[in-house]
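Top to bottom, those sequences are chains P and B. Residue numbers -13 to 296, in our numbering, belong to the letters of the first sequence in order. Residue numbers -13 to 296, in our numbering, belong to the letters of the second sequence in order.
Number of protein chains: 2
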Amino acid sequence: VTEFELIARILPSLPTNESVVVGAGDDCAVLNLGLPGRHLLFKTDAVVEGVHFLPDALAERVGHKALARCLSDIAAMGGTAGSAVVSLGLPADRDPAWAEGVYQGLRRLALKYQVAIVGGETTACPHNAFLSVAVLGQVEAGKAVLRSGAKVGDAIFVTGELGGSRAGRHLTFEPRLEEARWLCRRFDVHAMIDLSDGLAGDLRHLLQASHVGAELLTEAIPVSPAAKSAARRAHGATAALTAALTDGEDFELLFTVAPADAVPLLDQWKTAFPELRLGCVGKITSEPGVRLRDRKGARPLTAHGYVHFQ
Amino acid sequence: VTEFELIARILPSLPTNESVVVGAGDDCAVLNLGLPGRHLLFKTDAVVEGVHFLPDALAERVGHKALARCLSDIAAMGGTAGSAVVSLGLPADRDPAWAEGVYQGLRRLALKYQVAIVGGETTACPHNAFLSVAVLGQVEAGKAVLRSGAKVGDAIFVTGELGGSRAGRHLTFEPRLEEARWLCRRFDVHAMIDLSDGLAGDLRHLLQASHVGAELLTEAIPVSPAAKSAARRAHGATAALTAALTDGEDFELLFTVAPADAVPLLDQWKTAFPELRLGCVGKITSEPGVRLRDRKGARPLTAHGYVHFQ
Chain P
-13 VTEFELIARI LPSLPTNESV VVGAGDDCAV LNLGLPGRHL LFKTDAVVEG
37 VHFLPDALAE RVGHKALARC LSDIAAMGGT AGSAVVSLGL PADRDPAWAE
87 GVYQGLRRLA LKYQVAIVGG ETTACPHNAF LSVAVLGQVE AGKAVLRSGA
137 KVGDAIFVTG ELGGSRAGRH LTFEPRLEEA RWLCRRFDVH AMIDLSDGLA
187 GDLRHLLQAS HVGAELLTEA IPVSPAAKSA ARRAHGATAA LTAALTDGED
237 FELLFTVAPA DAVPLLDQWK TAFPELRLGC VGKITSEPGV RLRDRKGARP
287 LTAHGYVHFQ
Chain B
-13 VTEFELIARI LPSLPTNESV VVGAGDDCAV LNLGLPGRHL LFKTDAVVEG
37 VHFLPDALAE RVGHKALARC LSDIAAMGGT AGSAVVSLGL PADRDPAWAE
87 GVYQGLRRLA LKYQVAIVGG ETTACPHNAF LSVAVLGQVE AGKAVLRSGA
137 KVGDAIFVTG ELGGSRAGRH LTFEPRLEEA RWLCRRFDVH AMIDLSDGLA
187 GDLRHLLQAS HVGAELLTEA IPVSPAAKSA ARRAHGATAA LTAALTDGED
237 FELLFTVAPA DAVPLLDQWK TAFPELRLGC VGKITSEPGV RLRDRKGARP
287 LTAHGYVHFQ
């Protein structure tokens, strides 16, 4: 039993109360505090030096990434972000300018999305820096998009291009808040998740929550230039497609809609977001698990996606 | 410039929005989201192995402490806690039972105060464990007790006994939620703060926010048995009084009320909380800074209180 399996076992038994609409386990918790017509979204996430960023990463980008990860989770619920609190852990010998840089990155991204930063704690951390952010958001009551709503026959969509994020994009990605709000206003999104662990891993999370399976079309997986270029450098040691499925840290949106919505969605998306690719990568099936279909037929996908902890 | 001075400079310039009633810098942020008659309280805090707990601390107590620190901040605003989210950082070689123990400590304390735990993230942290908790609470609109409301002439009160907490109590303390609610329902509490950095340090935070000073009565400072016993063992190297003023991690409440409320408060407190000491330790003055008065007269208090980072 790893720590992660253990936590997965613990989460369903955590204390709850009458305010909890959705507890731990989705991209955000959903709370009903009696706000007319609205629910709150609540989420925390941490980035750790040596795990989510390397010591030579620009401090501004570390701050950006820490907040952007939480905002990506708010986006994946179809919500808007309102405020954030920050805990910063610093080794004793860290240049104070580093902490200032982290806050510059936090501040710039927060301003862009009108997020107030309403708490900043700093603590010592002997060996490596970390940054933990919690975000409070809102969504129309009953409209939070969960992982559990996918239906057999749904079309599966992915924004952007996947793989190779650790070459740089993981520190600079844009949370898809605007796109998710647009999407949820215009279409009945059945299920949504943000891609942090890789398409293969996060699709499985969505499928398990929805008690369904999926078939992906190999040729439809949007492989990023970074993944292709890494595959060329490695002389095929890691195929670009595998990278797109399992690298993780893409922070794009994966969602499903009824098949009748697929073509209208693609049409309207091109007008609304001409610079961001949206691709239909497959469909939801009743058979559990994930299958990859190419010209030679369909085969089970066994790769599990990127796991941070190693 | 230390990291902490830097953050203190950064906090006032953090992004805000129309929902923010009180931003970073008090025990909790206060948010007005349009909830009829109520404001939200929002706070995050982290405990780090080697700084806030030692590797041999019981895991349950680490979980208890991490949540109790946030609940103590909710208490210091006069509020109630509703939900919490958790980020746990774990070294790769950590026994999974340790993470389970942390969650047992979190769960037990959360159940006691009807706090829902609605998010649990786990991440690798190469060298030392950490636990970051964010808590969402509520308070009657306009009734949050800030650090900034102390008035000249106010009586200064402290719950419990101070000093020597690191001998054990810092891992097992009870957040003063019940006492703070009782207090705020019955009395006009002008200013309040929870004692995390030590009476000397946290009183200064309250005084600076209120633009006043204070005179403490040496004989009235409630020195804990742990501080007295440590002082005996050290043969006076650290006086018990100094320990009570500067050790920190007491997580008791420091607050001020009008002088006319002092005697009724002490009377009613004895009936309500017969097992928890409440002491009047001094008064608010117009002259800035802190003075200690004993039989020989008054002298400035220069000790700055416990600073975690060293």
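In this text, a Cβ means the ideal position worked out from N, Cα and C, and glycines have one as well.
Residue from the options whose Cα sits closest to the Cα of residue i
i        : options                                : result
Phe309/B : Ala225/B, Leu181/B, Arg285/B, Cys170/B : Only positions -13 to 296 of chain B appear in the structure, and residue 309/B is not among them; the question remains open.
Thr158/B : Phe143/B, Leu92/B, Leu189/B, Val101/B  : Leu92/B
Asp233/P : Ser272/P, Ala186/P, Gln194/P           : Ala186/P
Cys297/P : Gly268/P, Val243/P, Asn3/P, Gly23/P    : The requested residue 297/P does not occur in the structure, where chain P is confined to residues -13 to 296.
Glu261/B : Ala136/B, Glu160/B, Ala115/B, Ser69/B  : Glu160/B
Ala246/B : Gly64/B, Ala43/B, Phe173/B             : Phe173/B
Ala110/B : Glu35/P, Val198/P, Thr228/P            : Glu35/P
Gln100/B : Leu117/B, Ala67/B, Pro112/B, Ala115/B  : Ala67/B
Lys29/B  : Ala43/B, Val48/B, Val8/B               : Val8/B
Gly11/B  : Leu132/B, Lys269/B, Asp280/B           : Leu132/B
Ser241/B : Tyr89/B, Leu193/B, Gly283/B, Ala213/B  : As written in the sequence, residue 241/B is Phe, which differs from the Ser given in the question. Minimum Cα distance to Phe241/B is reached at Leu193/B.
Trp255/P : Glu165/P, Cys14/P, Tyr89/P             : Glu165/P
Met63/B  : Ala15/B, Arg219/B, Ala96/B             : Ala15/B
Arg94/P  : Leu53/P, Gly65/P, Ser73/P              : Leu53/P
Pro274/P : Arg190/P, Ala(-6)/P, Val72/P           : Arg190/P
Backbone CA spacing between residue i and residue j [nearest angstrom]
i          : j          : result
Thr108/B   : Ser196/P   : 23 angstroms
Leu278/P   : Thr288/P   : 10 angstroms
Phe(-10)/P : Ala153/P   : 26 angstroms
Ser58/P    : Asp188/P   : 14 angstroms
His50/P    : Ala216/P   : 25 angstroms
Leu239/B   : Ala83/B    : 34 angstroms
Val6/P     : Val121/B   : 14 angstroms
Pro208/B   : Leu148/B   : 6 angstroms
Leu17/P    : Ala230/P   : 34 angstroms
His25/B    : Gly139/P   : 44 angstroms
Asp253/B   : Val37/B    : 39 angstroms
Ser(-1)/P  : His113/P   : 33 angstroms
Ala61/B    : Gly106/P   : 19 angstroms
Val104/P   : Ala32/B    : 16 angstroms
Phe39/B    : Phe116/B   : 9 angstroms
Tyr292/P   : Met178/P   : Low confidence applies here, because Tyr292/P scores a pLDDT of 38, under 50, leaving its location unreliable; read the following figure in that light. Between Tyr292/P and Met178/P, the C-alpha separation is close to 19 angstroms.
Val276/B   : Gly199/B   : 6 angstroms
Glu4/B     : Pro77/P    : 35 angstroms
Gln296/P   : Gly75/B    : Per-residue confidence for Gln296/P stands at a pLDDT of 30, beneath the threshold of 50, marking its modelled position as unreliable; the derived number appears in the next sentence. Computed Cα separation, rounded: 13 angstroms.
Ile(-4)/B  : Thr(-12)/P : 39 angstroms
Leu(-8)/P  : Gly184/P   : 21 angstroms
Tyr89/B    : Leu44/B    : 12 angstroms
Ile270/P   : Ala85/P    : 45 angstroms
Beta-carbon proximity check, residue i vs residue j, cutoff 7 angstroms
i        : j        : result
Arg55/B  : Gly146/B : no
Ala248/P : Ala127/P : no
Ala206/P : Gly265/P : yes
Glu46/P  : Gly87/P  : yes
Pro1/B   : Ala102/P : yes
Glu235/P : His156/P : yes
Ala226/P : Ala213/P : yes
Ser73/B  : Ser118/P : yes
Endpoints, the beta strand (DSSP E) within which residue i is located
i         : result
Lys51/B   : First-last for Lys51/B: 45 to 62, but that is the alpha helix (DSSP H), not the beta strand (DSSP E).
Ala70/B   : 66 to 76
Ser215/P  : Segment 211 to 219 is the alpha helix (DSSP H) holding Ser215/P; no beta strand (DSSP E) there.
Thr271/P  : 264 to 271
Thr30/B   : 24 to 34
Arg279/B  : 275 to 280
Thr108/P  : 102 to 110
Thr242/P  : 239 to 243
Ser121/P  : Checking the sequence shown, residue 121/P turns out to be Val, not Ser. Per DSSP, Val121/P belongs to the beta strand (DSSP E) from 116 to 126.
Pro(-2)/P : Run containing Pro(-2)/P: none; DSSP gives neither H nor E here.
For residue i, the first and last residue of its enclosing alpha helix (DSSP H)
i        : result
Asp188/B : 185 to 196
Ala92/B  : First, the amino acid is wrong: residue 92/B is Leu here, not Ala. First-last of the alpha helix (DSSP H) with Leu92/B: 82 to 98.
Cys170/B : 163 to 172
Pro250/B : 248 to 258
Ala229/B : 226 to 232
Near-chain P residues of the segment 16 to 31 of chain B - C-beta to any C-beta below 7 angstroms: Leu17, Leu19, Gly20, Leu21, Phe28, Lys29, Thr30, Asp31
Going along the chain, which residues of the segment 87 to 108 of chain B sit with their C-beta nearer than 7 angstroms to a C-beta in chain P? Tyr89, Arg93, Ala96, Leu97, Gln100, Val101, Ala102, Ile103, Val104, Gly105, Gly106, Glu107, Thr108
If contact means a Cβ-Cβ distance below 7 angstroms, which residues of the segment -12 to 14 of chain B contact chain P? Thr(-12), Glu(-11), Phe(-10), Leu(-8), Ile(-7), Ile(-4), Leu(-3), Leu0, Pro1, Thr2, Asn3, Ser5, Val6, Gly9, Ala10
Of all the residues that make up the segment 35 to 66 of chain B, which are near chain P by a beta-carbon distance shorter than 7 angstroms? Gly36, Val37
Taking any Cβ of chain B, which residues in the segment 108 to 125 of chain P have a Cβ under 7 angstroms from it, in chain order? Thr108, Thr109, Ala110, Cys111, Pro112, His113, Asn114, Phe116, Ser118, Ala120, Leu122
Can you pull out the residues from the segment 71 to 82 of chain P whose beta carbon lies closer than 8 angstroms to at least one beta carbon of chain B? Val71, Val72, Ser73, Leu74, Gly75, Leu76, Ala78, Arg80, Pro82
Contacting positions in the segment 129 to 162 of chain P - beta carbon closer than 9 angstroms to chain B: none
The segment 261 to 278 of chain B: which residues have C-beta closer than 9 angstroms to a C-beta of chain P, in chain order? none
With 8 angstroms as the C-beta to C-beta threshold (strictly closer), list the residues of the segment 210 to 230 of chain B near chain P in chain order. none
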